[in-house]
Each structure stands twice: as C-alpha cells, then as structure tokens.
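Report on the structure given below.
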C-alpha cells in the first residue's frame, strides 16, 4: 500500500445561544444562514431550502417555527 498524497483540513464549528442555526435578515439587503451547532451538515439540504425560499420571496415554511431561527433567538 503506497500513500500517494495526504492532507489535513481544519474544521470550525460554530454555536448559537439558542442551539439552532440562524436564518435571518441582518439588514434590508443582507441575510445570513450561520451557526451550525455541530449538526448542520446532516441538515444542510433542509436548512438551505429554508434559507433559499426566505431569500427568494420572503416566505417561511409554516411547519417550521420561524422564531427558533431568528438572529436573537425565540425571545427576539
């Protein structure tokens, strides 16, 4: 067995106070999807869909509690 190439890649995990990712408008022209809390990779398609729909037409899936994903959490 011959090793042809090897490399390492650093990984950064971010956490939010609410333990939920943030999908929110930061300003009238800037939105964010951040704070994976260590589990966002397995949820990436669903989180991406929520964020994309929010960005495209401003709507939110009524089956998902919008307040959980606000920048300042459910108490915002």
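Residue numbers (our numbering): 17 to 92. Quick reminder that beta carbons are idealized off the backbone N, C-alpha and C, glycines included.
- DSSP places residue 87 outside both helix and strand once states are collapsed to three, so it counts as coil.
- According to DSSP, residue 48 shares a beta bridge with 40.
- Here the C-alpha atom of residue 85 lies approximately 7 Å from the C-alpha atom of residue 40.
- Counting only residues of its own chain and dropping the five nearest sequence neighbours on each side, residue 47 has a CB closer than 6 Å to the CB of 41, 71.
- When the five nearest sequence neighbours on each side are left out, the beta carbons in the same chain lying within less than 8 Å of the beta carbon of residue 69 are those of 75, 76, 77, in order along the chain.
- In this model, residue 88 and residue 34 are separated by some 8 Å (Cα to Cα).
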